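Notes for the one structure printed next.
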Amino acid sequence: MSAFLSDTALLFGRYARQTLRSKFQMLFGALMPLLYLVFFGPLLTGLPLGTQGDSWQVLVPGLLLQLGLFGALFAGFSVIIEQQSGVLERMRAAPVSRLALLLGRVLRDAALFVFQAVLVVLAATALGLRAPLAGVLIGFAFVGVLTTALASLSYALALKVSRPHDFGPLINGLSMPSMLLSGLMLPMALAPGWLDALSHLMPFRYVVDAMRAGYVGDYTGTAMLYGVLMSAALVAAAVTVGTRVFRRAGA
Amino acid sequence: MAIISTAGLTRTFSTKAGPVEAVRGIDLTVERGEILGFLGPNGAGKTTTLRMLTTLLAPTGGAATVAGHDLLRDPAGVRRRIGYVAQSGGVDPQVSVREELVTQGRLYRLPRAEAAARAEELARDLSLTDLMDRTCAALSGGQRRRLDIAMGLTHRPEVLFLDEPTTGLDPGSRADLWDLVRRLRDEYGTTVFLTTHYLDEADALSDRLVVVDKGRVAAEGTPSALKLRYGGSIDATLQDTFLAITGRTPAPVDTTPVAV
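Protein sequence lines, in the order shown, are assigned to chains A and B.
Quick note on the working numbering: the first sequence kicks off at 166 and runs consecutively.
Quick note on the working numbering: the second sequence kicks off at 11 and runs consecutively.
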């Protein structure tokens with residue numbers, strides 16, 4: 166157990182140092198949600214969105230998960246590069262926990278996206294977001310858990326596909342429907358019945374609803390419960406699959 | 011006592027076009043302190059065998075013991091005792107030589123201070139001391155290869171696996187690397203298992219050769235024994251011997267019948 170923890174900390178440190186060396190990587194990911202905040206947020210201010218809270222309380226949780234969705238799903242590119250340079254194989258030949266090989270990388274990604282989420286929330290507050298602190302903190306926890314799950318899945322897919330020109334289109338094909346069907350941009354409360362029903366098949370929908378509930382201070386409703394259960398199930402499944410792929414990678 | 015022994019080691023890949031039998035049952039033993047040259051034409055199954063012996067690829071059949079640990083039941087035990095240097099190396103171009111060496115030591119569970127001391131020691135041994143603060147991208151081919159090997163030696167492995175270690179090196183760097191491999195064996199008793207396409211390298215370096223072809227062991231023995239048996243004379247070139255073993259050209263015409 167302690168070997169697993171020190172392996173994870175060692176690999177997390179290696180990848181965190183890489184990220185810290187690249188200011189570009191740290192800030193650029195937050196740029197897209199910031200643009201949405203400034204150029205899209207004001208359009209929603211007076212609209213009836215069919216939910217509790219004002220438009221910022223609806224928009225910001227969606228933008229944070231969008232940031233996580235697009236960012237974390239592309240995390241796998243880095244492991245394709247490591248596979249081609251032989252770094253991954255060298256690490257797999259060492260007596261390192263396979264779970265640590267995954268988690269060291271994934272936790273760096275999760276830390277990066279939570280950091281970017283903080284930047285987005287600060288900017289949104291300047292633009293007019295008012296939400297309870299506890300709800301905002303719960304929101305960061307959702308971002309952390311969801312990006313851990315998505316980044317694990319992304320590494321698993323990247324090692325299965327292993328060619329960058331296949332991986333890019335695959336991830337685009339996954340992320341677009343995920344974004345649209347989960348009601349990230351506008352709440353599904355506005356949707357016709359069939360679309361609302363379809364969106365219930367999309368796991369992220371429950372996470373978005375739970376985050377929005379948190380932003381209006383509703384911590385004990387069914388939305389929060391479903392969101393927590395769905396996030397836990399997603400992260401457990403994705404980390405299991407990811408670890409298995411690191412065990413066998415490159416076969 | 012053999013430090014590596016395999017029995018019927020097999021790997022079949024399933025592809026869309028049907029199963030591909032990359033390795034069809036390899037039996038071999040390597041003695042402690044031996045330098046073994048593992049030869050074979052492209053596609054003979056050399057790298058697949060190496061990847062199985064280093065736990066990177068699970069065999070689909072057979073069994074093996076490496077450095078006293080069962081390959082299938084205790085891969086972590088095997089990993090602790092072997093070093094592996096892949097053909098492509100395995101360092102991050104953006105990271106400094108020192109950071110790679112220290113991190114590698116930590117991956118093999120050395121405490122922080124020990125990992126730093128070991129990195130300095132390896133740098134001295136492999137003439138990397140002046141390069142420690144450069145990024146790996148700034149190294150020449152020969153320097154890169156020395157770093158790759160230093161990475162494989164971090165934990166003083168009992169067995170070192172080298173996959174085509176001198177490919178792409180200039181003649182001077184190759185000669186240095188040969189000296190290094192001999193020194194490892196002479197000073198530390200390290201067993202070295204190396205694949206190569208250079209027959210002069212195999213001839214100069216190896217105590218014993220194993221030639222694989224089409225996923226099976228086609229011949230094994232000391233370089234001179236193989237030359238005598240397959241090349242027709244102890245003065246035959248290893249090139250002719252190799253071609254005779256793998257049947258890539260007709261065997262040299264010889265009046266003496268081949269003793270089996």
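Ideal Cβ placement from N, Cα and C applies to all residues, glycine included.
This structure is a prediction, so every number in the text was calculated from the model and none was measured.
- prompt: For residue 259 of chain A versus residue 63 of chain B, is the C-beta spacing smaller than 8 Å?
  reply: No.
message: So, does the segment 51-61 of chain B touch the segment 86-93 of chain B, judging by three or more C-beta pairs under 8 Å?
response: The segment 51-61 of chain B makes no contact with the segment 86-93 of chain B; the number of CB pairs closer than 8 Å stays below 3.
query: What's the C-alpha gap between residue 103 of chain B and residue 270 of chain A?
result: About 18 Å.
query: Where residue 238 of chain A and residue 232 of chain A are concerned, what is the direct C-alpha to C-alpha distance, given to the nearest angstrom?
result: Going by the C-alpha atoms only, they are around 10 Å apart.
- request: Can you tell me which of B:252, B:55 and B:100 puts its alpha carbon nearest to the alpha carbon of residue 20 of chain B?
  value: Checked all of B:252, B:55 and B:100; the closest Cα to residue 20 of chain B is B:55.
task: Closer than 7 Å, Cβ to Cβ, to anything on chain B: give me those residues from the segment 251-266 of chain A, in chain order.
output: Listed by position along the chain: 251, 252, 254, 255, 256, 257, 258, 259, 260 and 261.
- prompt: Cα separation between residue 180 of chain A and residue 146 of chain B?
  reply: Each residue's Cα considered, the two are about 16 Å apart.
- prompt: Applying the criterion that 16 or more other CB atoms from any shown protein chain within 10 Å of the CB defines a buried residue, is residue 212 of chain B buried or exposed?
  reply: Buried, by the Cβ-count rule.
- prompt: Within the present structure, is the beta-carbon of residue 389 of chain A separated from the nearest heavy atom of the ligand HEM by less than 7 Å?
  reply: What this structure holds is no ligand at all, so the ligand HEM is not there to describe.
- prompt: Looking at C-alpha atoms only, which residue of A:349, A:331, A:256 and A:174 is the closest neighbour of residue 228 of chain A?
  reply: Nearest option by C-alpha distance: A:349.
message: Rounded to whole angstroms, what is the Cα-Cα separation between residue 31 of chain B and residue 150 of chain B?
response: Spanning the two alpha carbons is a distance of roughly 38 Å.
message: If we define contact as Cβ-Cβ less than 8 Å, is residue 102 of chain B a contact residue for chain A?
response: Interface residue, yes.
field: DSSP state of residue 262 of chain A mapped onto helix, strand, coil
entry: Looking at residue 262 of chain A - three-state DSSP - the assignment turns out to be coil, as it is neither helix nor strand.
- prompt: How would you list, in chain order, the residues of chain A whose beta-carbon sits under 9 Å from the beta-carbon of residue 96 of chain B?
  reply: Neighbourhood of residue 96 of chain B in chain A, by CB distance below 9 Å: 251, 254, 255 and 258, in chain order.
query: Span of the alpha helix (DSSP H) holding residue 219 of chain A?
result: Neither: residue 219 of chain A is in no alpha helix (DSSP H) and is coded neither H nor E.
- prompt: Just checking, does the segment 217-228 of chain A make contact with the segment 284-298 of chain A on the three C-beta pairs under 8 Å criterion?
  reply: The answer is yes - the segment 284-298 of chain A touches the segment 217-228 of chain A, with three or more Cβ pairs under 8 Å.
- prompt: When the Cα atoms are used, what is the spatial distance from residue 217 of chain B to residue 46 of chain B?
  reply: If I take the Cα positions, the gap works out to 6 Å.
- prompt: Got a sec, what are the start and stop residues for the alpha helix (DSSP H) residue 158 of chain B sits in?
  reply: Taken as a continuous stretch (DSSP letters only), the alpha helix (DSSP H) holding residue 158 of chain B covers 151-163.
query: Counting along the chain, where does the beta strand (DSSP E) carrying residue 47 of chain B start and finish?
result: DSSP places residue 47 of chain B inside the beta strand (DSSP E), whose first and last residues are 45-49.
message: Under 8 Å, with one C-beta from each stretch per pair, do the segment 285-292 of chain A and the segment 315-334 of chain A reach the 3-pair mark?
response: No, the segment 285-292 of chain A does not touch the segment 315-334 of chain A.
- request: Examine the Cβ distances between the segment 334-343 of chain A and the segment 357-366 of chain A and report whether three or more of them are shorter than 8 Å.
  value: Too few Cβ pairs lie closer than 8 Å, so no.
- prompt: Using a beta-carbon distance below 8 Å, is residue 161 of chain B in contact with chain A?
  reply: Yes, contact with chain A.
query: Short check: CB of residue 221 of chain A to CB of residue 211 of chain A, under 8 Å?
result: No, the Cβ-Cβ distance between residue 221 of chain A and residue 211 of chain A is not below 8 Å.
task: Report, in whole angstroms, the separation of the C-beta atoms of residue 304 of chain A and residue 382 of chain A, which I expect to be a contact under 8 Å.
output: The Cβ separation is near 12 Å, so there is no contact.
Chain-ordered chain B contacts of residue 183 of chain A [CB-CB under 9 Å]: Going along chain B in sequence order, the residues near residue 183 of chain A (Cβ under 9 Å) are 102, 104 and 105.
message: I'd like to know whether the C-beta of residue 175 of chain A is nearer than 8 Å to at least one C-beta of chain B.
response: Yes - at least one Cβ of chain B is within 8 Å of the one on residue 175 of chain A.
query: Start and end of the alpha helix (DSSP H) containing residue 362 of chain A?
result: Segment 358-364, the alpha helix (DSSP H) holding residue 362 of chain A.
task: Could you tell me if residue 341 of chain A is buried or exposed, where buried requires 16 or more neighbouring beta carbons within 10 angstroms of its beta carbon?
output: Around the Cβ of residue 341 of chain A, a 10 Å sphere holds fewer than 16 other Cβ atoms; the residue is exposed.
task: Can you give me, in chain order, the residues of the segment 54-84 of chain B that have a beta carbon less than 9 Å from any beta carbon in chain A?
output: Within the segment 54-84 of chain B, contact with chain A at the beta-carbon level (separation under 9 Å) is assigned to 61, 64, 65, 66, 67 and 68.
- prompt: Taking any Cβ of chain A, which residues in the segment 113-137 of chain B have a Cβ under 9 Å from it, in chain order?
  reply: Shown in chain order are the members of the segment 113-137 of chain B whose Cβ falls below 9 Å from a Cβ of chain A: 113, 114, 116, 117, 118 and 119.
message: 8 Å is my cut-off, CB to CB: does residue 192 of chain B come that close to chain A?
response: Residue 192 of chain B does not count as touching chain A.
query: Can you list, in chain order, the residues of its chain whose CB lies under 8 Å from that of residue 1 of chain B, leaving out five sequence neighbours each side?
result: Given that chain B is displayed from residue 11 to residue 270, the structure contains no residue 1 of chain B and the question cannot be resolved.
message: Please state whether the Cβ-Cβ distance between residue 230 of chain A and residue 373 of chain A is less than 8 Å.
response: In this structure, residue 373 of chain A lies closer than 8 Å to residue 230 of chain A by Cβ.
field: Through-space distance from residue 268 of chain A to residue 168 of chain A, alpha-carbon basis
entry: About 13 Å.
- prompt: Taking Cβ-Cβ distances shorter than 9 Å, what residues in chain B pair up with residue 179 of chain A?
  reply: Chain B residues near residue 179 of chain A: 102, 105, 109 and 113.
Contact list for residue 240 of chain A against chain B, beta-carbon separation under 7 Å: What residue 240 of chain A touches in chain B, judged by beta-carbon distance under 7 Å, is nothing: the nearest beta carbon there is about 16 Å away.
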